[in-house]
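Undergrad:
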Amino acid sequence: MKKTSTRSRARRRAAPAPAPGTFCVVGAGVFGAVVAERIATKLGAKVLVLEKRKDAGGNSRSFFDPATGIECHEHGSHIFHTKDAAVWDYVRRFAAFTPYRHKVMLTSRGRVFGMPINLKTINDWYGAAWSPDEARRRIAAEIAREGISEPANLEEKAVSLVGRGLYECAIRDYTAKQWGRDPRELPESIIRRLPVRYDYVSDYFDTPWQGVPADGYGALFRNLLDRPGIELRTGVDFRDVRASLPAGTPVVYTGMPDELFDFRYGALEWRSLRFEWETVPVRDFQGTAVMNYGDASVPYTRIHEFKHYNPERADAFARPATVICREYPAAWKPGAEAYYPVNDAANQARFARYRALAAAVPGLRLGGRLGSYAYWDMDRAVAEALRLFDRLARGEPDPPAP
Ligand code: UDP
Numbered sequence: 128m129k130k131t132s133t134r135s136r137a138r139r140r141a142a143p144a145p146a147p148g149t150f151c152v153v154g155a156g157v158f159g160a161v162v163a164e165r166i167a168t169k170l171g172a173k174v175l176v177l178e179k180r181k182d183a184g185g186n187s188r189s190f191f192d193p194a195t196g197i198e199c200h201e202h203g204s205h206i207f208h209t210k211d212a213a214v215w216d217y218v219r220r221f222a223a224f225t226p227y228r229h230k231v232m233l234t235s236r237g238r239v240f241g242m243p244i245n246l247k248t249i250n251d252w253y254g255a256a257w258s259p260d261e262a263r264r265r266i267a268a269e270i271a272r273e274g275i276s277e278p279a280n281l282e283e284k285a286v287s288l289v290g291r292g293l294y295e296c297a298i299r300d301y302t303a304k305q306w307g308r309d310p311r312e313l314p315e316s317i318i319r320r321l322p323v324r325y326d327y328v329s330d331y332f333d334t335p336w337q338g339v340p341a342d343g344y345g346a347l348f349r350n351l352l353d354r355p356g357i358e359l360r361t362g363v364d365f366r367d368v369r370a371s372l373p374a375g376t377p378v379v380y381t382g383m384p385d386e387l388f389d390f391r392y393g394a395l396e397w398r399s400l401r402f403e404w405e406t407v408p409v410r411d412f413q414g415t416a417v418m419n420y421g422d423a424s425v426p427y428t429r430i431h432e433f434k435h436y437n438p439e440r441a442d443a444f445a446r447p448a449t450v451i452c453r454e455y456p457a458a459w460k461p462g463a464e465a466y467y468p469v470n471d472a473a474n475q476a477r478f479a480r481y482r483a484l485a486a487a488v489p490g491l492r493l494g495g496r497l498g499s500y501a502y503w504d505m506d507r508a509v510a511e512a513l514r515l516f517d518r519l520a521r522g523e524p525d526p527p528a529p
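Counting from 128, one number per residue, gives the positions in the sequence shown under my numbering.
#1: What's the call for S189, buried or exposed, on a 16-neighbour Cβ count within 10 Å?
#2: Does the beta carbon of A486 come closer than 8 angstroms to any beta carbon on chain B?
#3: In chain order, what residues of the same chain have a beta carbon less than 6 angstroms from the beta carbon of E283, not counting five sequence neighbours either side?
#4: Is it buried or exposed for K129, if we count other Cβ within 10 angstroms and need 16 for buried?
#5: From P340 to L400, what distance separates their C-alpha atoms?
#6: Answer yes or no: the CB of A508 versus the heavy atoms of the ligand UDP, is any distance below 7 angstroms?
#7: Considering Cα atoms alone, identify which of V450, G343, F224 and A213 is closest to W404.
#8: Does the Cβ of Q413 lie closer than 7 angstroms to at least one heavy atom of the ligand UDP?
#9: Enumerate in chain order the residues of its own chain whose CB-to-CB distance from V289 is below 7 angstroms, with the five nearest sequence positions on each side excluded.
#10: What residues in its chain sit with their C-beta under 8 angstroms from that of F390, if we drop five residues either side in the sequence?
#11: Could you tell me if G148 is buried or exposed, where buried requires 16 or more neighbouring beta carbons within 10 angstroms of its beta carbon?
#12: According to DSSP, simplified to helix, strand and coil, what is A146?
#13: Straight-line CA distance for F516 to P384?
#14: Closest to D504 by CA distance: which of G498, V157 and A520 is it?
#15: Which residue spans inside the region 368–396 form an unbroken beta strand (DSSP E) run of at least 3?
#16: For D216, count neighbouring C-beta atoms within 10 Å of its own C-beta (all shown protein chains included) and say buried if the count is 16 or more, exposed if not.
#17: Just how far apart, CA to CA, sit G159 and G490?
#18: I'd like the span of the alpha helix (DSSP H) that includes T302, first residue to last.
#19: In terms of residue numbering, what span does the alpha helix (DSSP H) encompassing F158 cover?
#20: Among the candidates P438, R398 and A163, whose CA atom is the shortest distance from the CA of G196?
#21: Could you tell me how far apart the beta carbons of F402 and G203 are, in whole angstroms, since I believe they sit closer than 8 angstroms?
#22: Tell me the rounded alpha-carbon separation between V409 and G343.
#23: Could you check if F207 is buried or exposed, using at least 16 other CB atoms within 10 Å of its CB as the buried criterion?
#24: Indicate whether the contact test is met: 3 or more Cβ pairs, each with one atom in the region 424–433 and one in the region 463–470, closer than 8 angstroms.
#25: Give a yes or no on whether the C-beta atoms belonging to G359 and A487 are separated by under 8 angstroms.
#26: On the three-state DSSP scale, how would you describe W404?
#27: Tell me where the alpha helix (DSSP H) around P259 begins and ends.
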């Protein structure tokens, strides 16, 4: 992989145009890196990867903190987890994964609970010692009191899953902080990400395979992109160079579709985040990688403590210093990092119009979390990238929007 980083707009324009026959992938996050790897490896073609940021990795980028040696996830915790055997086989060609299994705790109402809600959370909340069946009966009675037959929003869905008490403790205020909206104004699909369990399984994810890359996310991305045929140019905005691409260059664009079309139909709305970093002179700040905060009075949603992702790195783990990061949800405005799509009807309709515009541009395909305006985990980004590559290799068009 040749890597070039250009600084000024003038130099960017002067960067050599790719040879005819080259594919262009815009964005070196998970989706873009996988598509680029597949094109280079399977088609033996050249791929120019253009990345706006200073490095590849997208939101899963990490860095090793020089003072403590701790690998920190720059955009908040990223744990690779999947149920998809093909995705798991694919990623493990580029990285070994640690056996880390994600656990999340929740501080709320002056107490600490396990998340997602399981039998321990239920028994802790009710101060009870219920068996699975007893807990089911008690929660079902709570839910029945609400009389919700068809949940129409996130609040109704959550209450119909766990009852009002646990909803208020674990979900209502966290969700309102995270999305900047009353949960009654949010789609129920968001809460379907969280399992509810009537056993003591405490894993956050219901996936058989999970872990973090043993040598860090940087190594995973180097192994994907560092191969003959791929040229990665960082610090390059596609809009500055697209005019210099040979006519007919196939483009896989993983950036924001509204930006690509100069916000013709208005901006797609996102939710953003702000991270506040701190190195604390203690060995262990909170005893776990992620502590959620369920109270409205605490302005952040969670604290990440990154050393817990890598207990096998004994030196950094034992050192009396730890890097933490408080995650504050933030309103999004053009130019801010776009983290979560606001998937309401108006935004979905706007996205459909951008998708139609893109479909009319020969050789252009949209993909990735930004390009698909989708709330995906990393494994979904890999799966979708592999699917897009298959269509590309067969010369098939992308399917119409669902
Ligand atoms: N959620 C919650 N309480 C929590 C954790 C999550 O209510 O302690 C809700 C919240 O609405 C959030 C959704 O569950 O948007 C999905 O959470 P997840 O942890 O999957 O979000 P991510 O890690 O992608 O930010």
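Glycine included, every Cβ here is placed at the ideal spot set by N, Cα and C.
TA: Taking the geometry as given:
#1: buried
#2: Of the protein chains in the structure, only one exists, and it is not chain B.
#3: I275
#4: Because K129 carries a pLDDT of 49, less than 50, the predicted location of this residue cannot be relied on, and the following value inherits that uncertainty. Exposed, by the Cβ-count rule.
#5: 24 angstroms
#6: no
#7: V450
#8: no
#9: I244, I266 and V323
#10: P461
#11: exposed
#12: coil
#13: 19 angstroms
#14: V157
#15: 378–380
#16: exposed
#17: 16 angstroms
#18: D300 to W306
#19: V157 to R165
#20: P438
#21: 7 angstroms
#22: 23 angstroms
#23: buried
#24: no
#25: The amino acid at residue 359 is misidentified as Gly; the sequence shows Leu. Not a contact, by the Cβ cut-off of 8 angstroms.
#26: strand
#27: P259 to E273
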